[in-house]
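In UniProt numbering, the protein residues as written are 1 to 469. For every residue, glycine included, the Cβ atom is placed at its ideal position computed from N, Cα and C. In this text, all values refer to a predicted model and were calculated from it rather than measured experimentally.
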Ligand code: ATP
Ligand code: MG
Ligand code: MG
Ligand code: MG
C-alpha cells in the first residue's frame with residue numbers, strides 16, 4: 001500500500017521529472033490577499049502571477065499546498081464528519097503553467113499520472129467539462145480514449161473558474177472516480193444523503209479568457225493552467241477506501257484518540273473521532289502558521305474549530321483535556337514533510353491544553369442547559385435564539401457549535417433571534433457606556449472595540465480581556 005506521504009512524493013517527483021519547479025507550500029494565512037481568510041487552493045500563492053502582477057518563479061510549477069476551508073468563501077466545516085470526502089484541512093496537489101503549456105499537455109499530464117504512475121483503473125474514471133468546451137471534449141477523446149458517456153457536459157459555474165468579476169477566467173474539467181456504489185450516505189438532510197459514489201479527485205482549470213464585469217471580453221495572449229487534486233482523496237482511492245477518514249494518516253490519528261479515550265471508533269462514536277482528527281489537523285496547522293485563538297477574525301475561526309472538537313471529545317467521555325495529547329501522533333504522521341509543525345509543537349500543545357481546560361469549565365453546564373431547553377423539542381423543532389445567545393454569552397458556545405450539537409437530532413436554531421439578542425446586548429453595552437459620563441470622544445473607541453472584538457464570554461478564570469480595547 002502506498003502511504004499518503006508516498007503519494008505526495010510520487011506526485012511531486014512526477015512533475016519535477018516533467019520540468020516543473022517544485023514550490024514549497026505557502027503558509028495558510030495568505031500574504032497576498034487580505035480579503036481571503038485562509039489559503040483554500042493551491043493557486044492562491046500564485047494569484048498575482050496569473051493576473052500579471054508578479055513574475056512567475058518558473059514557467060511551470062507544482063506544489064502540495066496546505067489548505068483550510070473553514071471560513072470565508074470556502075467553508076466545508078459543516079460537511080466534516082457528514083460526507084466521506086470533505087475535510088477542513090487538506091493538501092491540494094497542483095501543477096501550474098504560467099503561459100507555458102495549455103489544455104492538451106495539461107490533460108495528458110493528468111491522465112498519465114493517474115492511470116500510469118498511480119495505476120488507477122481507467123474504467124472507473126470519468127470527467128466533466130464546461131458545456132461549451134468542445135476542445136476539452138476532443139482532447140479527452142483523443143488522449144484518454146474516454147467514451148462519450150464518460151465525458152459529462154456541465155453548464156453551471158461549478159465548471160467555470162474566474163478570479164473575480166474582472167481578470168483571467170476559463171472553463172474547468174473535473175476528474176471523478178466511480179466507486180461503483182455509494183458509501184453509506186450521510187444523515188438525512190446532510191449534503192451527502194445519497195452517499196458518494198462519484199468522487200471528484202482532480203480539478204483542471206484552463207485559464208484562457210479575460211473578463212470584465214463578469215462578461216468575457218477577450219482571450220489571454222498566453223493561456224495558463226491551474227490544477228488541484230486533494231491528496232487525501234487520491235490516497236483513499238489508492239488505498240482502496242471510500243472515505244478520506246479511512247486513509248493511513250487518519251487511521252493513525254483515530255487510533256490515537258481511541259487509545260487515549262478507551263473508546264473504539266464505531267457506530268455512534270465514529271463521527272466524533274473523525275471530527276476530532278480533522279479538527280486536530282486544521283487547528284494545529286493554523287497555529288503553526290501563526291494564528292492564535294481569539295474572539296475575532298481568523299483567531300475566532302480557529303477557536304470555533306477547537307471548541308467543536310472539544311465538544312466531541314466530551315461526547316466520547318473525555319474527563320480531561322484531550323486535544324493536546326493527540327499532537328504527537330500528528331507530528332509523527334506529518335512532521336517530516338511539514339517541519340513547521342514539529343517546530344511549533346510546544347506552542348500548539350500549550351495553547352490547546354489551555355483552551356480546552358478553560359472551555360471545559362463551562363462546556364458541561366452549557367450542554368446541560370441545551371438538553372433542558374430542547375427536551376420538549378421533536379425533530380424539526382427549533383431552539384429559541386435567546387437560548388443560543390445565552391449559550392454563547394455565558395457558556396462560550398460559538399453559534400455554529402450549538403447548531404452542530406443539535407443537527408444529529410434534526411433540531412434547528414433560530415438564527416434571527418440569536419442576532420437580535422446579540423444586537424440588544426451591544427446596544428445595552430453602548431448605553432451603559434454613554435451613561436457612564438465618558439467624554440463624547442470615547443464613543444469612537446467604543447465603536448472600534450465593538451467592531452474589532454466581540455464581547456464573547458471567555459471563562460470565569462480568564463485574566464486577560466481578549467479582543468477588547
Ligand atoms: P467538491 O465538489 O467535492 O466539494 P470542489 O469542487 O469544491 O470539491 P475544488 O475547489 O475544485 O473542490 O478543489 C480541487 C480539489 O481539492 C478537489 O477536486 C478535491 O480533490 C480537493 N478538495 C476540495 N475540497 C476539499 C475538502 N474539503 N477536503 C478534501 N479535499 C478537498
Ligand atoms: Mg467543495
Ligand atoms: Mg466540485
Ligand atoms: Mg472542483
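So, using beta-carbon positions, are residue 175 and residue 84 closer together than 8 angstroms?
no
Classification of residue 130 by the beta-carbon crowding that lies within 10 angstroms, buried from 16 upward
Around the Cβ of residue 130, a 10 Å sphere holds 16 or more other Cβ atoms; the residue is buried.
As assigned by DSSP and simplified to three states, the class of residue 219:
The answer is strand: DSSP assigns residue 219 an E or B state.
CA-CA distance, residue 107 and residue 277?
34 angstroms
By how many angstroms is the C-alpha of residue 10 removed from the C-alpha of residue 196?
26 angstroms
Using only the alpha-carbon positions, how far apart do residue 427 and residue 79 sit?
35 angstroms
From residue 420 to residue 393, what does the alpha carbon distance come to, in whole angstroms?
Going by C-alpha positions, residue 420 is about 13 angstroms away from residue 393.
Please determine whether the Cβ atom of residue 76 lies at a distance below 7 angstroms from any heavy atom of ligand 2.
yes
For residue 274, collect the residues of the same chain with a Cβ closer than 6 angstroms to its Cβ; drop the 5 residues on either side in sequence, then sort them by chain order.
81 and 245
Residue 23 versus residue 63: straight-line alpha-carbon distance, rounded:
Answer to the nearest angstrom: the Cα atoms are 5 angstroms apart.
Start and end residues, alpha helix (DSSP H) containing residue 395:
Element bounds for residue 395: 385-395.
Residue 386 and residue 417: beta carbons closer than 8 angstroms?
yes
Simplified DSSP state of residue 162, which is helix, strand or coil:
strand
Can you have a look at residue 362 and say buried or exposed, based on whether 16 or more other CB atoms are within 10 angstroms of its CB?
buried
Give the C-beta separation of residue 345 and residue 331 to the nearest angstrom, bearing in mind that I take them to be a contact with Cβ-Cβ under 8 angstroms.
Right, their Cβ atoms sit about 6 angstroms apart.
To the nearest whole angstrom, what separates the beta carbons of residue 284 and residue 225, a pair I think is in contact under 8 angstroms?
Between residue 225 and residue 284 the Cβ distance is about 32 angstroms, and since that is not below 8 angstroms, they are no contact.
Identify, in the order they occur along the chain, each residue of the same chain with its Cβ nearer than 8 angstroms to the Cβ of residue 213, setting aside the five sequence neighbours on each side.
165 and 166
Does residue 28 come out as helix, strand or coil in the three-state DSSP assignment?
coil
Using the rule of at least 16 other Cβ atoms within 10 Å of the residue's Cβ for burial, across every protein chain shown, is residue 12 buried or exposed?
Looking at its Cβ environment, which holds 16 or more other Cβ atoms inside 10 Å, residue 12 is buried.
Name the two residues that bound the continuous beta strand (DSSP E) containing residue 103.
Counting along the chain, residue 103 falls outside any beta strand (DSSP E), though it belongs to the alpha helix (DSSP H) covering 103-112.
When we look at the beta-carbon of residue 76 and count the other beta-carbons within 10 Å, is it buried (16 or more) or exposed?
buried
State the Cα-Cα distance for the pair residue 479 and residue 322, rounded to the nearest angstrom.
Summary: the structure shown does not reach residue 479, with the chain confined to residues 1 through 469, and so no result is reported for it.
Opposing strand residues paired with residue 63 [DSSP bridges]
23 and 94
Could you check whether the Cβ of residue 158 sits closer than 7 angstroms to any heavy atom belonging to ligand 3?
yes
Check whether the Cβ atoms of residue 70 and residue 282 lie closer than 8 angstroms to each other.
Yes.
Is it the case that the region 246-254 contacts the region 325-342, given that we only count it when at least three CB pairs across the two stretches are under 8 angstroms?
yes
Residue 235, DSSP secondary structure in three states
helix
Is residue 174 close to ligand 3? I mean its beta-carbon at under 7 angstroms from any heavy atom of the ligand.
yes
For residue 210, which of helix, strand or coil comes out of DSSP?
strand
Is the number of C-beta pairs between the region 28-35 and the region 44-56 that are closer than 8 angstroms three or more?
yes
Under 8 angstroms between C-beta atoms of residue 144 and residue 173:
no
Residue 38 to residue 304, Cα distance in whole Å?
15 angstroms
Buried or exposed for residue 404, please, with buried defined as at least 16 other CB atoms from any protein chain shown within 10 angstroms of its CB.
Answer is buried; the Cβ neighbour count reaches 16.
Can you have a look at residue 228 and say buried or exposed, based on whether 16 or more other CB atoms are within 10 angstroms of its CB?
buried
Among all the DSSP beta bridges, which residues are the ones paired with residue 470?
Within the shown structure, residues of the chain are numbered from 1 to 469, placing residue 470 beyond reach of any answer.
Residue range of the alpha helix (DSSP H) that includes residue 245
Looking at the DSSP string, residue 245 is not in any alpha helix (DSSP H), and its letter there is neither H nor E.
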